[in-house]
Structures are given as C-alpha cells and as structure tokens.
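Top to bottom, those sequences are chains A and B.
The first sequence stops at residue 786 when you use my numbering, and every number in between is there.
The second sequence stops at residue 786 when you use my numbering, and every number in between is there.
No residue lacks a Cβ here, since even glycine has one placed at the ideal position from N, Cα and C.
Bear in mind that the values here come from a model prediction, so they are computed numbers and not experimental data.
Taking it in order: structure first as structure tokens, then the write-up.
Number of protein chains: 2
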Amino acid sequence: MANEFLTFKNANIAEGFTIAGIKEKEGRLGDLYDVTIKDDKCGENTFEKGERSMFEYAIKGLISKANLEINDIGAIVGGDLLNQIISSTFAARELGLPFIGLYNACATYVESLIIGAMMVDGDYKQRVISFTGSHFSTAERQYRYPLELGVLRSPVSQWTATGIGCTLISSYNSKLARISRGWIGKVVDYGIDDVNNMGAAMAPAASDTLIKIFTSTNTKSVDYDLILTGDLGKLGSSILRDLTKQEGYPLGENYLDCGNLIYYDDQQTWQGGSGAACSPLVFNSYVLKNIKEKKLSRVLLIGTGALMSPTSSFQGDTIPTIAHAVEITSFDGGV
Amino acid sequence: MANEFLTFKNANIAEGFTIAGIKEKEGRLGDLYDVTIKDDKCGENTFEKGERSMFEYAIKGLISKANLEINDIGAIVGGDLLNQIISSTFAARELGLPFIGLYNACATYVESLIIGAMMVDGDYKQRVISFTGSHFSTAERQYRYPLELGVLRSPVSQWTATGIGCTLISSYNSKLARISRGWIGKVVDYGIDDVNNMGAAMAPAASDTLIKIFTSTNTKSVDYDLILTGDLGKLGSSILRDLTKQEGYPLGENYLDCGNLIYYDDQQTWQGGSGAACSPLVFNSYVLKNIKEKKLSRVLLIGTGALMSPTSSFQGDTIPTIAHAVEITSFDGGV
Chain A
452 MANEFLTFKN
462 ANIAEGFTIA
472 GIKEKEGRLG
482 DLYDVTIKDD
492 KCGENTFEKG
502 ERSMFEYAIK
512 GLISKANLEI
522 NDIGAIVGGD
532 LLNQIISSTF
542 AARELGLPFI
552 GLYNACATYV
562 ESLIIGAMMV
572 DGDYKQRVIS
582 FTGSHFSTAE
592 RQYRYPLELG
602 VLRSPVSQWT
612 ATGIGCTLIS
622 SYNSKLARIS
632 RGWIGKVVDY
642 GIDDVNNMGA
652 AMAPAASDTL
662 IKIFTSTNTK
672 SVDYDLILTG
682 DLGKLGSSIL
692 RDLTKQEGYP
702 LGENYLDCGN
712 LIYYDDQQTW
722 QGGSGAACSP
732 LVFNSYVLKN
742 IKEKKLSRVL
752 LIGTGALMSP
762 TSSFQGDTIP
772 TIAHAVEITS
782 FDGGV
Chain B
452 MANEFLTFKN
462 ANIAEGFTIA
472 GIKEKEGRLG
482 DLYDVTIKDD
492 KCGENTFEKG
502 ERSMFEYAIK
512 GLISKANLEI
522 NDIGAIVGGD
532 LLNQIISSTF
542 AARELGLPFI
552 GLYNACATYV
562 ESLIIGAMMV
572 DGDYKQRVIS
582 FTGSHFSTAE
592 RQYRYPLELG
602 VLRSPVSQWT
612 ATGIGCTLIS
622 SYNSKLARIS
632 RGWIGKVVDY
642 GIDDVNNMGA
652 AMAPAASDTL
662 IKIFTSTNTK
672 SVDYDLILTG
682 DLGKLGSSIL
692 RDLTKQEGYP
702 LGENYLDCGN
712 LIYYDDQQTW
722 QGGSGAACSP
732 LVFNSYVLKN
742 IKEKKLSRVL
752 LIGTGALMSP
762 TSSFQGDTIP
772 TIAHAVEITS
782 FDGGV
C-alpha cells in the first residue's frame, strides 16, 4: 500500500555551502570547503556557542553565495546532535526564518533534504534551505567524556566531524542537479550495544535501505555513478559491503563513505569520521563540485544515524539506527 | 517571496487516538481519552521505558481503531521531549514503519501535522501518522530535578502532562475534517530566562504566529469556532490575550489553551499543563469529538514550544520559543 519511495519532479538543488573545522581543513577535502574556522570556539566562550555561530554563518553564507536575500528563503529545515537541537534553534533565532527542527542523529541531513524536497516539489515553498552539522568538542562531552579528561579512544571509534553543510532547494530552474527520489528509512537494530562502534550498528540500516532502493527501482550498484553513505567509517562500510553482497547486490568501486572521505589515514581518527557534519560537508563540496564538472550525474546519498541516547545506553538498550536516502540527478543525467 | 502559509487540498484527518496518564484521567477531559494507564511505568522498570511503550501502544491503537493494518501506513512522523527523542525512536523500532523524527519541543505535534499533511497532500504517501507525547516523570528528571528530591515547584510553573496523541492523515476520503492550512513558526525570544515560566516565554511566539495568520488570511478571531494554543497555561494565555489585543486582534471566548483544559484547578498543577502531550491529547479527544458532533467546523491549533536545553540555560541563554499552526476544517464547514 505504502509507496516505496517518494518521487520529486521539481526539487532543484540550486547551491551548497560548507564551513569546516581545523582538522577537516587538514583532511582530504580541505581545499573544497567554502570556509574553514581558525578557532574551535569561533571566538565565543563555549564550544556550544561556537557551534551555533557556525550554523548561522553557514546559512547566511549560502544565501549570499546564491545571490539571494534572507527573505527569499521560505523555510530552513534541519537539526544537529546537541540535546534539544539548540545549535539549529539558536541559529534560527538569529536568522528569523520559519524553522522546521528535525532529529534523526547523523541521518538528519538526508532527512532534511527529503522534507525540503517535499516542501518545494509540492509547491508549499519556493526556496528552502536544508542543513545539518556537528562539532567534535560539543558532541564528545555530551555523548562521551569531557575533552579535559583525556580518555583514550577505542580502536573501533570514529571522530565526530566539525562542520556545517547546507543546501538550497529551489522550485526555480537550476542547471546543477535535482533531488529525484527519496526513501524514508525504518529503525533497524541488530543488537549492537557498544556505543564506540557505531559503524557496525548502522551498517544494517544502510543495507536495509540500499536493498529497498535496488529492489524498488529495479537497479543495481552499477546504475549509479556514486553511492555514498554518511558516516559508517571504515569498519561500518566494510560490513555494509558484506551485507549487501549476501543479499545479491554487491557494491563496487563507486561506493564510498563520507566519513572515510573527510580525513587522511594519518589523522588518528581510527575508523574515520562520523557525526551529522559528514554527509552535508561531503555532499555540498565534493559531490556538487563533481556534478558541476560533469563527472557525476546520478548519485545515491544514504544518511546513516545511530539513534541511542546516553540514557537509553545506561538503561541497557542496544543501538537503534536508521538510514534515509535520496537520489540526486544532474541535469545532464536523467533517470 | 516566501508563501505566508501552506495550503493543503487533500490532507484528510481520518482518525485520532489518545492514551493518557493517571492525573490526566482525573482531569477535565478524563472521559474522552481512548485509554488511560494505571501504572506510571506501564509495567516497565524505568519511566523512560514506560513512556516508549505508551508511544508504541498509541500508534498501534490508532491503526486498529481505523480498521487498518500496520502496512497500510506509509510513514510515522513525530517526536518527544527526551534527549535524542528516544521514546519515538524505540517505538518506531518496534513498529517497523518508515520514521521521520522531529524536534520542536511542545510545538512538535503541530509540526508533525504540517509535515504529515505535506506528505499526503503532495501525494508522496497515502497514509501518515503524526504523533507526539510526553511523560511527567521522565521530563522532570531530564529538564528539572529527579522526583525523589521532592523540590518545591514555583507558582509560575506548569505540570508536564503524561500522554500520547496521534492522528491518521489520509489521502482517502474522510467525513471528519481536513488540515486546510499550515503556518511554520519563527524562533522568537523576548528575553525570558526563568525556565519555570515557560508560558510567559512562549506567549510572544504564539502572538507572532497568530497575528501572521490573521493578516495573511484577512481573518479575525471571530472567524474561527475555536482557537487553541498548546501549552501556554494560565499565565501564558493571559499574556497572549494582552499581546494580540495590543496588535488590534483581541481574542474572545473562543480562545482556549490545551494546557488549561486538561486539569481541574484543584489538581495542583499551578499554571496548568505543559509538555508535548498537551496539544495531541486535547486535539485527538476533545476537538475531534466536537467536530464529529458538528459543534466545531473551523479550528486553529497553535503548537507552542520552548526550545532551550539545560545546557543553554546553564550557559546563560534566554528561552527561544516557536509556534507552528494548522487550520482544521470540518467537511461541513469549508473555508
């Protein structure tokens, strides 16, 4: 009964904007970000206030890059990893734009693209900005330990990326790309309870959504120029390769993970990047650049999220996870 | 440039379902809830696990009440007040349905109605369930103090309602009502920093959205059978009356607040109810009942949310607030 996927005819991607942290600047995609910060607190007196100023800066930066005014934007749609998504909220307060707050952990960016695409394609708003991001220092102390404790990190852990990415979705013509399809994920839980090992926890959700994409559209991995997961990291993306292969849908060299793309191997992130910044940082820099240069025309972006809280973990729960997906089609491509 | 409101032609409200707590059962609307709990933990060993079981029960109850099967539902859209919206997430895990997680505090229910209406009206899904809820005992210990401390409550405080409400939005004909319009709120902050006094903090957001409704549709208070705010409580709704009157849009006897409707005066809630349960509990019992009985045909529901976190308050921030709104029209009414 339920549609397997959402079809969008007029959800154009007009522009993207990224602001990245210091470690991310030193990483593989360091030259591709629009702006990088020089101070982890961005001149504020707490990491949290620094994070929120990055959200505000990124959204204003996108509006300016697209040669628009603030009132040209119908709504901003997004969230972050902090409790009560305060970074997004306080940025929205400064911007004064209609605000839809979301939370699906690190899958929130793709969730925001789906909601933004519905809003524009369904003719409810002409222009919407979808956004998310994260900050290493705020996430560490909320989800794990204060940095000052100097706790050793597990070899299966990932590094929460610092950065914000945002995307302008428009009903007006764009020569860049459009969001052509969306898949809303289910909550999947394979019983992993090691909160350091989120890649392993999230891989089954990514597999569930990927298999649904392939079966619902009668496609295979080779039909896409790029299949990109959000933040499975090295271990998680290796597990995803195993899981999809078992189901008869092996992934080839066109499969990459945003968490693996952000850092060099010698940057001591262990399994690579994680966090709500991974997919928006990579999508709005690397992916849009390659679409602009006609090197990519059909891309699957699968946002992956680990949905536990410290409270649920303390109460003995395993890690529930989710994976939302969008198909991006360049205007030279076409489905 | 931006549309002032969203217009929906085919977002039908097919059915509603409520599950309420013990104190709520003893309140003004006690006889109208579908189910009430007898044990604050619902047989689980923590309040948090009790809360999540209420979410699962409510959504299953709605599907059953509407004579549908679980796979007839295209997506569930909602959230709750706990960090990382774990109550909604773990319920979604048990249900196995595509899940969109939202957070705009106590405005999340109306936010979920707007997203659900877009999803159905835009023909992306045939049937969506919008839901939210809250639980006194989990919210108190997360946002304020553990109950065991027995901290005295401020006279300006409100009582977080225990309950879940959910609504089936369908593209199929309904003889009940439809969501005809939606307004996405902006984040408003008038500088209130007393986290006990959320009614006063949220009243300016409700006023901002209400004035926008009246001016964008050229209507006044008397054009609606009922104008209902979410959880301003006694003090907050009195401030809202003052603010809207100053702007030339006085509210009459058709203005009520869900937080004020839930409890009797002698139930020691001080300023009345608050929490993400208020608007879905009242809407899916009292409002839908009166629409069914042809006593209401045009209703404005304004969800109000206080978007601070304990962290933002500890860091000296004031309380940012938001108010989303929907217009509900019965099939005998018509705009």
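Does the pairing of the segment 491 to 507 of chain A with the segment 641 to 660 of chain A give three or more beta-carbon distances under 8 Å? no
- [ ] Please state if the CB of Glu-562 (chain A) and the CB of Leu-548 (chain A) are separated by a distance shorter than 8 Å.
- [x] no
Near-chain A residues of the segment 640 to 657 of chain B - C-beta to any C-beta below 7 Å
Asp-640
I need the DSSP call for Glu-599 (chain A), collapsed to helix, strand or coil. helix
| Between Ala-517 (chain A) and chain B, is there a C-beta pair that is closer than 8 Å? | no
What residues in its chain sit with their C-beta under 6 Å from that of Met-452 (chain B), if we drop five residues either side in the sequence?
Its pLDDT being 39, under 50, Met-452 (chain B) is placed unreliably in this model, and the coordinates cannot settle the point.
**Study point:** Proximal residues of chain B, C-beta to C-beta of Ser-760 (chain A) below 8 Å
**Key:** Leu-533, Asn-534, Gln-535 and Ile-537
Exercise. Can you give the Cα-Cα distance for Arg-749 (chain B) and Ile-620 (chain B), rounded to whole angstroms?
Worked result: 17 Å
message = So, at 7 Å on beta carbons, what are the nonlocal neighbours of Thr-540 (chain A) in its own chain, with the 5 sequence-adjacent residues on each side left out?
response = Gly-552
Legend entry - Secondary structure of Val-777 (chain A), DSSP reduced to three states: strand
Exposed or buried, which one is Ile-521 (chain A) when buried takes at least 16 other CB atoms within 10 Å?
exposed
Buried versus exposed call for Ser-667 (chain A) [16 or more other C-beta atoms within 10 Å across all chains shown] = exposed
DSSP-derived helix/strand/coil call for Leu-619 (chain B)
strand
For a contact defined as C-beta to C-beta under 7 Å, what are the partners of Leu-457 (chain B) on chain A? Tyr-575
Can at least three beta-carbon pairs, one atom from the segment 637 to 644 of chain B and one from the segment 579 to 587 of chain B, be found at a separation below 8 Å? no
Original post:
Heavy atom of the ligand MG less than 7 Å from the Cβ of Ala-556 (chain B), yes or no?
Top reply: For the ligand MG, the structure offers nothing, since it holds no ligand at all.
* Please classify Asn-518 (chain B): does DSSP put it in a helix, a strand, or coil? => coil
Report yes if the C-beta distance between Ser-736 (chain A) and Leu-483 (chain A) is below 8 Å; otherwise report no. yes
- CB contact below 8 Å: Leu-619 (chain B) versus chain A: no
Starting from Phe-582 (chain B) and walking both ways along the beta strand (DSSP E), at which residues does that stretch end?
578 to 585
query = Taking only beta-carbon atoms, is Lys-637 (chain A) less than 8 Å away from chain B?
reply = yes
With DSSP run on the structure shown, which of helix, strand or coil describes Leu-732 (chain B)? helix
- Message: I'd like to know whether the C-beta of Ala-556 (chain A) is nearer than 8 Å to at least one C-beta of chain B.
- Response: yes
request  = Measure from the alpha carbon of Thr-589 (chain A) to the alpha carbon of each residue in A:Val-486, A:Ile-565, A:Arg-604 and A:Ala-612, then state which is nearest.
outcome  = A:Ala-612
For Phe-468 (chain B): DSSP bridge partner residues:
B:Cys-617
(request) Within the same chain, show all residues whose beta-carbon is closer than 6 Å to that of Asp-708 (chain A), passing over the 5 residues directly before and after it, in chain order. (result) Thr-680, Leu-683 and Ser-688
Quiz item: In this structure, does DSSP put Asp-682 (chain B) in helix, strand or coil?
Solution: coil
Check: In terms of residues, what are the limits of the beta strand (DSSP E) holding Val-750 (chain B)?
Finding: 749 to 757
Quiz item: Should the segment 506 to 520 of chain A be regarded as contacting the segment 474 to 494 of chain A, the criterion being three or more beta carbon pairs within less than 8 Å?
Solution: yes
Can you round the beta-carbon distance between Trp-610 (chain B) and Gly-478 (chain B) to whole angstroms, since I take them to be within the 8 Å contact cut? Not really, about 10 Å apart at Cβ, beyond 8 Å.
If you measure beta-carbon to beta-carbon, which residues of the segment 746 to 772 of chain A are closer than 8 Å to chain E?
Among the protein chains in the structure shown, which are A and B, there is no chain E.
Exercise for the section: With a threshold of 16 other CB atoms inside 10 Å of the CB of Tyr-560 (chain B), please say whether the residue is buried or exposed. Expected result: buried
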